[in-house]
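> Starting off with a structure, shown below.
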Amino acid sequence: MLQSAKLKYIFPIVLLIAFFLDGSLNQIFSSTLFQYPYSMICNLTLMWFVMAIFFEGESQINFTLWSFVIGIIFDWYYTGVFGVDTFIIPIVVMFIRGIRPFVKTTFLIVLGMDMFAMAMYNILFFIVFQMIKMANVTTTFFIGYSFLPTIILNLSIFVILYYPIKTVFRRTRGTNSRSFM
1 MLQSAKLKYI
11 FPIVLLIAFF
21 LDGSLNQIFS
31 STLFQYPYSM
41 ICNLTLMWFV
51 MAIFFEGESQ
61 INFTLWSFVI
71 GIIFDWYYTG
81 VFGVDTFIIP
91 IVVMFIRGIR
101 PFVKTTFLIV
111 LGMDMFAMAM
121 YNILFFIVFQ
131 MIKMANVTTT
141 FFIGYSFLPT
151 IILNLSIFVI
161 LYYPIKTVFR
171 RTRGTNSRSF
181 M
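Numbering (the UniProt record's numbering), first residue to last: 1 to 181.
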C-alpha cells in the first residue's frame with residue numbers, strides 16, 4: 001500500500017518533467033529535429049502516459065483527469081490553439097486504457113501500444129489542424145516528412161527509456177509488482 005501511494009506522487013511529478021522535456025528537447029535540438037523538410041517532435045508526455053497505464057499496478061491513477069489537465073497546459077503553453085490537446089490527449093489515453101485489460105505487458109506489446117498512441121495523437125492533431133486551416137501541407141507530405149520521422153524518434157526514445165521507467169514502476173507499484181516482465 002505504501003509503495004502504491006508513492007506512485008501517486010511520482011506520477012504527476014514525472015508527468016510535469018516529461019511535459020517540460022518535450023518542449024526543451026524540441027528547442028535544444030531544433031536544428032536537427034526540424035531540418036527542412038523533416039520535422040520530428042518528442043512526445044515524452046504521451047509516452048509516460050502509455051507506460052504508466054501498463055505499469056501502474058494497484059495505484060488507481062486517474063489517467064483521464066491527468067490527461068485532460070496536461071492537455072489544457074499543452075494548449076496554453078505550447079500549441080496556442082485551446083482545445084486541441086485538451087481533447088486529443090484524453091481520447092488517446094482513454095483508448096489505450098480501454099485496450100490495456102486485453103493485452104499482456106511485454107516489451108513488444110507496450111512498444112506497439114506506444115507507437116499506436118503516437119500515431120493516433122499525431123494523426124488526430126493533423127486532422128484538427130487541417131480542419132481549422134492551420135496546417136498547409138498535403139497528407140503525403142505530412143506522412144513522409146513529419147509523421148514517420150516523429151514515430152521513429154519516439155520509438156527510439158522508448159527503447160532507451162523502457163527499462164529505467166519499468167524499474168521505477170516496479171519499485172513503486174502496489175502488491176502486484178511482479179506481474180509484468
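C-beta atoms are modelled at their ideal positions from N, C-alpha and C, and glycine is treated no differently.
1. If you draw a straight line from the alpha carbon of Phe169 to that of Gly23, how long is it in whole angstroms?
2. By Cβ distance, which residues of its chain are closer than 7 Å to Ile109, with the 5 residues on each side in sequence left out?
3. On the DSSP letters alone, give me the boundaries of the alpha helix (DSSP H) that Tyr162 sits inside.
4. Reducing DSSP to helix, strand and coil, say where Gly80 ends up.
5. If the criterion is Cβ atoms closer than 7 Å, does the pair Asn122 and Phe158 meet it?
6. Skipping 5 residues on each side, what residues in its chain have a beta carbon closer than 7 Å to that of Phe11?
7. So residue 185 and Asn26 are supposed to be a Cβ contact under 8 Å. How far apart are they, rounded?
8. Measuring alpha carbon to alpha carbon, tell me which of Thr172, Lys166 and Arg171 ends up nearest Phe54.
9. For Ala135, name the three-state secondary structure that DSSP assigns.
10. So, are the CB atoms of Leu155 and Met40 less than 7 Å apart?
11. Which same chain residues, not among the five before or five after Phe74, have their C-beta less than 6 Å away from its C-beta?
12. Please tell me whether Val93 and Met120 are closer than 7 Å, where the distance is taken between their beta carbons.
13. From Pro37 to Arg171, what does the alpha carbon distance come to, in whole angstroms?
14. Just the C-alpha distance for Ala117 and Lys133, rounded to the nearest angstrom, thanks.
15. Which class does Pro12 belong to by DSSP, given the choice of helix, strand or coil?
16. Please report the straight-line C-alpha distance between Met1 and Trp66, rounded to a whole angstrom.
17. Within the continuous alpha helix (DSSP H) that includes Phe63, where are the two ends?
18. Out of Tyr77, Trp76 and Phe49, state which residue places its alpha-carbon closest to the alpha-carbon of Thr64.
With the structure as the only source:
1. As a working note, residue 169 is residue 169 in the sequence shown. As a working note, residue 23 is residue 23 in the sequence shown. Going from the Cα of Phe169 to the Cα of Gly23 covers about 24 Å.
2. The residue you call residue 109 lines up with position 109 of the sequence shown. Exclusion of the five residues before and after Ile109 leaves Val103 as the residues of its chain whose Cβ lies within less than 7 Å of its Cβ.
3. Start at 1 with the first residue of the sequence shown, and residue 162 comes out as number 162. Taken as a continuous stretch (DSSP letters only), the alpha helix (DSSP H) holding Tyr162 covers Leu148 to Thr172.
4. In the sequence shown, counting from the first residue as 1, residue 80 sits at position 80. In this structure, DSSP gives Gly80 a state outside helix and strand, which the three-state scheme calls coil.
5. Looking up residue 122 in the sequence shown gives position 122. Looking up residue 158 in the sequence shown gives position 158. Not closer than 7 Å, so no.
6. As a position in the sequence shown, residue 11 is number 11, starting the count at 1. A distance below 7 Å between beta-carbons, with the five flanking residues on each side excluded, links Phe11 to the following residues of its chain, in chain order: Ala52 and Ile61.
7. This structure gives no information on residue 185, because the portion of the chain shown stretches from 1 to 181.
8. Residue numbering aside, residue 54 sits at position 54 when the sequence shown is read from its first letter. Here the closest residue by C-alpha is Lys166.
9. The sequence position of residue 135 within the sequence shown is 135, counting from 1. Reduced to three states, the DSSP call for Ala135 is coil.
10. Within the sequence shown, numbered from 1, the residue matching residue 155 stands at position 155. Within the sequence shown, numbered from 1, the residue matching residue 40 stands at position 40. Not in contact: Leu155 and Met40 (Cβ atoms no closer than 7 Å).
11. What you label residue 74 is simply residue 74 of the sequence shown in a count that begins at 1. The answer, listed in chain order, is Asp85.
12. Position 93 of the sequence shown, counted from the first residue, corresponds to residue 93. Position 120 of the sequence shown, counted from the first residue, corresponds to residue 120. Going by C-beta atoms, Val93 is not nearer than 7 Å to Met120.
13. As a position in the sequence shown, residue 37 is number 37, starting the count at 1. As a position in the sequence shown, residue 171 is number 171, starting the count at 1. Approximately 43 Å, taken between the alpha carbons.
14. Residue numbering aside, residue 117 sits at position 117 when the sequence shown is read from its first letter. Residue numbering aside, residue 133 sits at position 133 when the sequence shown is read from its first letter. Per the coordinates, the alpha-carbon of Ala117 lies some 24 Å from the alpha-carbon of Lys133.
15. The sequence position of residue 12 within the sequence shown is 12, counting from 1. In the three-state reduction of the DSSP assignment, Pro12 falls in the helix class.
16. As a first step, residue 1 is located in the sequence shown; it is residue number 1 there, counting from the start. As a first step, residue 66 is located in the sequence shown; it is residue number 66 there, counting from the start. Reliability of the predicted coordinates at Met1 is poor, the pLDDT of 44 falling under 50, and the value obtained from them is presented with this limitation in mind. Rounded to the nearest whole angstrom, the CA to CA distance from Met1 to Trp66 is 21 Å.
17. Translated into the one-based positions of the sequence shown, residue 63 becomes position 63. Counting along the chain, the alpha helix (DSSP H) containing Phe63 begins and ends at Phe63 to Phe74.
18. Numbered from its first residue, the sequence shown carries residue 64 at position 64. Minimum Cα distance to Thr64 is reached at Phe49.
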